[in-house]
Structure formats: structure tokens, C-alpha cells
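Visitor: In order, the protein sequences belong to chains L and G. FYI, in the working numbering the residues of the first sequence are 479 to 611. FYI, in the working numbering the residues of the second sequence are 40 to 170. Positions of the beta carbon are idealized from the N, C-alpha and C atoms, including for glycine. Keep in mind that this is a model prediction, so the values were computed, not measured.
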Amino acid sequence: MTYLASPDLRVAEGQLTTAQVNAGVFVVDPIAKRSITVVDAWVRAIGGAATSNTSIDVVDSVTGTVAVSFAQAQNTQNTTLRAGATGATATYVGTALGAGEGLKIANVGTACDTMTHLDYVILYRVDAVAVAA
Amino acid sequence: MATYPRCKVAEGQLTLAQLNAASGAGTNIVDPIAGKTITVVDAWFRSAAGGTCGGATAVVLEDTAGTDVLSVTAATLTLAALVRGGASGATATNVGTALGKGKGLRIGRTVSDVTTMTAMDYMVLYKIDSD
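(1) Flag this pair as yes or no: are the beta carbons of alanine 158(G) and alanine 87(G) separated by less than 9 Å?
(2) Distance, Cα to Cα, serine 110(G) vs tyrosine 161(G)?
(3) Out of curiosity, what's the CA-to-CA distance linking isoleucine 536(L) and phenylalanine 548(L)?
(4) For glycine 562(L) and chain G, any beta-carbon pair shorter than 9 Å?
(5) For leucine 123(G), decide whether its Cβ has a neighbour in chain L, counting only Cβ atoms nearer than 9 Å.
(6) Rounded to whole angstroms, what's the CA-CA distance from methionine 40(G) to alanine 568(L)? Just pull it up for me.
(7) If you reduce the DSSP assignment to three classes, tell me which class serine 62(G) lands in.
(8) Spatial neighbours of lysine 140(G) within its chain, please: C-beta separation below 6 Å, excluding the five flanking residues on both sides.
(9) What residue range does the alpha helix (DSSP H) around threonine 496(L) cover?
(10) Residues in the same chain with beta-carbon distance under 7 Å from alanine 589(L), minus the five sequence neighbours each way, listed in chain order, please.
(11) Cα separation between alanine 120(G) and alanine 528(L)?
(12) Terminal residues of the continuous beta strand (DSSP E) containing asparagine 585(L)?
(13) What residue from Gln550(L), Val521(L), Ala577(L) has the CA that sits closest to aspartate 591(L)'s CA?
(14) May I have the straight-line CA-CA distance separating leucine 559(L) from valine 505(L), to the nearest angstrom?
(15) In whole angstroms, give me the CA-to-CA distance for alanine 563(L) and aspartate 605(L).
(16) Please confirm if alanine 490(L) has its CB atom under 9 Å from at least one CB of chain G.
(17) Excluding sequence positions up to five away, which residues of its chain have a Cβ less than 7 Å from the Cβ of cysteine 92(G)?
(18) Between the C-alpha atoms of threonine 480(L) and glutamine 57(G), what's the straight-line distance to the nearest angstrom?
(19) Do you know how far the Cα of valine 80(G) is from the Cα of serine 151(G)?
(20) Would you call lysine 47(G) buried or exposed, if buried means 16 or more other Cβ atoms sit within 10 Å of its Cβ?
(21) Per DSSP, serine 110(G) is paired with what?
(22) Which chain L residues are close to aspartate 102(G), counting only those with a beta carbon under 9 Å from its beta carbon?
(23) Answer with buried or exposed for threonine 541(L), where buried requires no fewer than 16 other C-beta atoms within 10 angstroms of its C-beta.
(24) Just reading off the beta strand (DSSP E) that tyrosine 161(G) is part of, what are its end residues?
(25) If you reduce the DSSP assignment to three classes, tell me which class alanine 528(L) lands in.
(26) Taking only beta-carbon positions, decide if tyrosine 43(G) is within less than 9 Å of chain B.
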């Protein structure tokens with residue numbers, strides 16, 4: 479499908495504590511009936527590399543579909559790790575996620591440690607409400 | 040110069056037929072806006088199905104008058120690899136340059152038709168310039 483309209487690009491950015499990452503935290507609230515398409519993302523470990531965990535993922539908030547998965551090994555201190563780079567699997571970047579779901583950043587595997595904070599930037603658009611034919 | 044211009048996004052997936060359409064000019068992804076220019080600020084392509092892009096020399100993002108913005112060589116478009124403008128094999132000649140007034144954006148191919156790759160994801164960030 480192509481999009482000939484001009485949807486605005488949205489950005490979610492900030493810094494999470496490692497505790498927040500381990501708990502899983504909303505970075506974009508759900509919007510009723512609307513789906514979100516992540517078009518780009520990066521993360522950066524602060525205070526040390528991410529250790530002990532498997533990955534830190536950007537997921538939709540109900541289904542858990544993984545838009546981007548940032549592997550522990552590449553999530554080193556102060557490195558901007560971009561979606562699509564080695565260790566940053568961008569499987570569902572560019573794909574509309576679940577309707578009515580937000581975005582979360584969540585740890586996968588054993589709790590992440592060493593890293594004290596995580597910077598993140600997620601570029602996304604909010605899709606129009608689907609109209610039944 | 041517009042103050043605090045909004046960034047727009049065009050993203051989706053094109054089939055092989057859409058890339059090869061119109062003798063390689065391809066398919067419009069952003070319609071022209073009368074009297075306005077568009078400036079692309081970033082873009083990426085990704086082979087979504089079929090395998091590495093074959094046949095063509097490159098897959099190109101250009102304005103609807105044919106000015107190249109981003110040209111990604113076919114060999115660089117391996118299955119599932121996200122290829123960013125400015126990376127090796129992804130020449131971003133006119134990224135950051137205002138394109139022709141009243142022109143839209145399209146994605147097509149150069150030299151020969153695309154083969155093997157049957158679908159391609161794209162993401163284009165752009166702004167619409169003031170008059």
C-alpha cells in the first residue's frame with residue numbers, strides 16, 4: 479500500500495532508568511482505534527553497557543509485536559544503536575502495529591544491569607482509522 | 040524559510056510491478072503540491088520479499104521531474120536489510136535539497152526492470168517548503 483497523503487511524523491524521545499526498562503514502560507499511549515507505524519528508532523545505553531539481558535525491544539503494548547529489537551551485545555555505553563544496524567533487528571519497522579495499542583520499551587531475558595539509563599528516539603506515525611468497505 | 044516546519048513521512052511497500060511501472064519512472068509516493076517544493080531529509084529502502092534486487096542498476100527516489108534524491112544500487116538491496124540514505128551503495132545526492140516546485144516524489148528503477156525482489160519497503164522523511 480502506498481500513502482499519498484502527508485501524515486505528520488511523530489517523535490517519542492527521552493531517557494528511561496534501567497528499572498523502568500526492566501519493568502517495561504509506555505513511551506506512546508494507546509489511541510483508540512488507531513494503529514501506530516514505527517518508521518525509525520535508536521537507543522543509547524548510559525552509565526555503562528547493557529548487560530545480563532537478551533535485548534531491549536520496542537513493542538506494541540497489547541500484542542507484543544516487536545517493532546525493533548536492540549541486542550544486548552551491541553547496546554554498549556554511549557553508542558547510538560540504530561534500527562537496521564547490526565544487532566538492531568527492525569522486523570516490524572514500517573508495518574502498522576495493532577489498532578488501539580501504544581508503544582512500550584521492554585527488557586527481554588534476565589533483568590538488564592550495569593547500564594543506568596537508556597536514551598531512546600522513536601519516529602512513528604499515527605494511522606488513520608480504518609473504514610469498513 | 041518556514042518556521043518550525045513539520046516533518047512528514049511517506050512509508051509503505053511497493054511491488055515489483057510498481058517499481059517497474061511507467062518505463063521505470065515507477066510509482067508516486069507523494070503527490071505534487073501546487074506552488075510548493077519538497078525537501079527530503081532522510082530515507083531508507085528494504086527488500087521485503089523475493090531476495091536481493093536484481094535486473095535494475097538501482098532503485099531511485101526522485102521528484103516527479105526525474106531529479107534523483109536517493110539512489111540505492113541493486114546489489115545493496117539484500118533481503119530484509121534496511122539501507123539508509125548515505126550508507127554504502129545508497130547515494131543521497133539531493134537529500135536536504137529543495138526539489139522542483141510543484142513536484143511530488145516517486146520511486147522507480149534505472150536501466151532495466153527490477154527482478155527477483157518482489158516487494159520493497161520504503162520510508163521517506165520530508166518537509167514541505169513554504170512559498
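Guide: Once the coordinates are examined:
(1) Taking the second sequence and counting its residues from 1, the one referred to as residue 158(G) is at position 119. Taking the second sequence and counting its residues from 1, the one referred to as residue 87(G) is at position 48. Contact: yes.
(2) Walking along the second sequence from the start, residue 110(G) turns up at place 71. Walking along the second sequence from the start, residue 161(G) turns up at place 122. Straight-line Cα distance between these residues: approximately 13 Å.
(3) Within the first sequence, the letter at position 58 stands for residue 536(L). Within the first sequence, the letter at position 70 stands for residue 548(L). It should be noted that the sequence gives valine, not isoleucine, for residue 536(L). Those two C-alpha atoms are separated by around 8 Å.
(4) Taking the first sequence and counting its residues from 1, the one referred to as residue 562(L) is at position 84. Interface residue, yes.
(5) Translated into the one-based positions of the second sequence, residue 123(G) becomes position 84. Contrary to the premise, residue 123(G) reads as arginine rather than leucine in this sequence. Taking Cβ atoms only, chain L reaches closer than 9 Å to arginine 123(G), which makes this a yes.
(6) The residue you call residue 40(G) lines up with position 1 of the second sequence. The residue you call residue 568(L) lines up with position 90 of the first sequence. Note that methionine 40(G) has pLDDT 47, beneath the 50 cutoff, so the model's placement of it is unreliable and no number is given.
(7) As a position in the second sequence, residue 62(G) is number 23, starting the count at 1. The answer is helix: DSSP assigns serine 62(G) an H, G or I state.
(8) Here residue 140(G) refers to the residue found at position 101 of the second sequence. Counting only Cβ-Cβ distances below 6 Å, and skipping sequence neighbours, we find Thr76.
(9) Position 18 of the first sequence, counting from 1, holds the residue named residue 496(L). That run of the alpha helix (DSSP H) goes 496–501.
(10) Locating residue 589(L) in the first sequence gives position 111, where the first residue counts as 1. Once the five neighbours on either side are set aside, the close Cβ partners of alanine 589(L) are Asn500, Ser530, Asn531.
(11) Here the question's residue 120(G) lines up with position 81 in the second sequence. Here the question's residue 528(L) lines up with position 50 in the first sequence. Roughly 24 Å between the two C-alpha positions.
(12) Working through the first sequence from its first residue, we reach residue 585(L) at position 107. Note, asparagine 585(L): beta strand (DSSP E), 581–586.
(13) Residue mapping note: residue 591(L) aligns to position 113 of the first sequence, counting from 1. Among Gln550(L), Val521(L), Ala577(L), the Cα nearest to that of aspartate 591(L) is on Gln550(L).
(14) Residue mapping note: residue 559(L) aligns to position 81 of the first sequence, counting from 1. Residue mapping note: residue 505(L) aligns to position 27 of the first sequence, counting from 1. Cα to Cα, the separation comes out at about 18 Å.
(15) Taking the first residue of the first sequence as position 1, residue 563(L) is located at position 85. Taking the first residue of the first sequence as position 1, residue 605(L) is located at position 127. Whole-angstrom Cα-Cα distance: 26 Å.
(16) Numbered from 1 along the first sequence, position 12 holds the residue referred to as residue 490(L). Closer than 9 Å: no.
(17) Locating residue 92(G) in the second sequence gives position 53, where the first residue counts as 1. The answer, listed in chain order, is Ser86, Val98, Ala113, Leu116, Val153, Thr155, Met156.
(18) Your numbering for residue 480(L) matches position 2 in the first sequence. Your numbering for residue 57(G) matches position 18 in the second sequence. Legend: pLDDT at threonine 480(L) = 48, less than 50; position of this residue unreliable, no value from coordinates given.
(19) On the second sequence, residue 151(G) is found 112 positions in, with the first residue counted as 1. On the second sequence, residue 80(G) is found 41 positions in, with the first residue counted as 1. When rounded, the distance between both Cα atoms is 28 Å.
(20) On the second sequence, residue 47(G) is found 8 positions in, with the first residue counted as 1. That one is buried.
(21) Your numbering for residue 110(G) matches position 71 in the second sequence. Paired residues: Val99(G), Thr130(G).
(22) Here residue 102(G) refers to the residue found at position 63 of the second sequence. By Cβ distance, chain L contributes nothing, its closest Cβ being about 15 Å from aspartate 102(G), past 9 Å.
(23) Locating residue 541(L) in the first sequence gives position 63, counting from the first residue. Threonine 541(L) should be labelled exposed.
(24) One-based indexing of the second sequence puts residue 161(G) at position 122. Start and end: 158–167.
(25) Here the question's residue 528(L) lines up with position 50 in the first sequence. In this structure, alanine 528(L) counts as strand in the three-state DSSP scheme.
(26) The structure shown contains no chain B; its protein chains are L and G.
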